[in-house]
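Residue numbers (my numbering): 7 to 282. Positions of the beta carbon are idealized from the N, C-alpha and C atoms, including for glycine. Here is the structure we will look at.
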Amino acid sequence: MLAGNPRIFLMADPVTILVFDSGLGGLTVFREIAAVRPGARTVYLADDERFPYGDIAEADLIARVLEVIGRAIKRHHPDLVVIACNTASTLALRELRATFTVPFVGTVPAVKPACAQSKSGRVSVLGTRATVTREYTRALIREFANGCEVDLVGAARLATFAEAQFNGAPASDAEIAAEIAPCFVDRDGRRTDTIVLACTHYPLLLDRFRALAAWPVNWIDPAPAIARRVAELLPVPASPDALPAPQFVLTSGRQPSGTLMAALRGFGFVAATENA
Ligand code: DGL
């Protein structure tokens with residue numbers, strides 16, 4: 007049974023989870039969900055046609071997310087939808103819940119755990135420029151800062167760098183270092199010790215962030231917490247034996263390049279499905 011949407015699952019019925027992002031970043035959430043719910047049927051949907059979401063005006067983005075998710079619900083009949091995108095969740099989650107009856111799990115900046123863990127009392131939130139300016143994010147800080155100073159850092163190009171790296175064309179160290187540098191603040195006797203990865207693309211670059219960091223910090227990736235929430239909402243033990251392979255779908259209908267497909271195999275995908 008799902009919270010807020012009572013229905014009965016038979017043990018033989020595998021549930022379907024739709025994981026959605028503007029691009030490949032949501033794969034960092036998808037892999038955690040696949041680990042906690044190996045018995046679920048999964049569909050990963052990337053809106054590559056409109057990537058990056060960080061550059062889209064708010065009204066257009068709400069309309070786009072409602073349209074793409076509406077189409078995907080009709081086609082894939084998910085029991086749960088995970089919006090694995092901070093830029094979309096911080097803006098459109100309320101409209102999605104008001105429009106569709108299927109339950110949604112969103113991805114929003116992990117301000118609460120970051121501020122609870124920080125010892126220095128200075129935390130940075132690294133997200134798209136859209137996410138860090140959203141009222142949703144500011145409200146999280148008002149509610150959960152827990153006495154910490156929180157520095158908001160909007161990155162213009164990191165999501166694109168993450169996609170490029172996944173496609174075999176990594177950005178240079180200097181380009182990545184310039185994007186993360188403003189996260190490292192040493193002011194008023196407090197030095198940043200915790201950085202929230204507030205865009206699901208960024209964990210794809212985490213090794214590079216660690217190597218280029220001005221000093222060691224704790225990086226907070228919300229994906230494991232999102233997967234735990236999914237497991238709470240779908241407590242159905244199903245046999246993975248007869249499951250189809252996870253589906254990977256691009257809204258453009260394009261087929262992934264050979265390089266991308268090779269990377270996707272690491273996440274359990276065997277081929278891309280043509281229609282969103
Ligand atoms: N992965 C997305 C997020 O979590 C956004 C990247 C983009 O499309 O700009 O915010």
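A direct Cα-Cα distance of roughly 35 Å separates Leu266 from Arg144. Shown here, Thr279 sits in a strand according to DSSP, grouped into three states. Taken atom to atom, the span from the alpha-carbon of Glu55 to that of Leu67 is near 13 Å. Ranked by Cα distance from Ser28, the options Leu158, Gln123, Cys154, Ala98 are led by Ala98. Arg163 carries a coil assignment under DSSP once its states are collapsed to helix, strand and coil.
Thr48 is the residue among Pro58, Thr48, Gly60 whose C-alpha sits nearest the C-alpha of Ala78. When the alpha-carbon of Ala170 is set against those of Cys154, Ala187, Leu210, the nearest one is in Leu210. DSSP places Ser95 in the helix class (H, G or I) of the three-state scheme. The C-beta of His82 has 16 or more other C-beta atoms within 10 Å across all chains shown, which makes the residue buried.
Remark: the C-beta of Asn92 is in contact range of the ligand DGL, defined as less than 8 Å to any heavy atom. The DSSP assignment places complete alpha helix (DSSP H) segments of no fewer than 4 residues inside the stretch 73-126 at 92-105, 117-123, in order along the chain. Per the C-alpha coordinates, the member of Arg193, Val71, Thr198, Val129 positioned closest to Leu102 is Val71.
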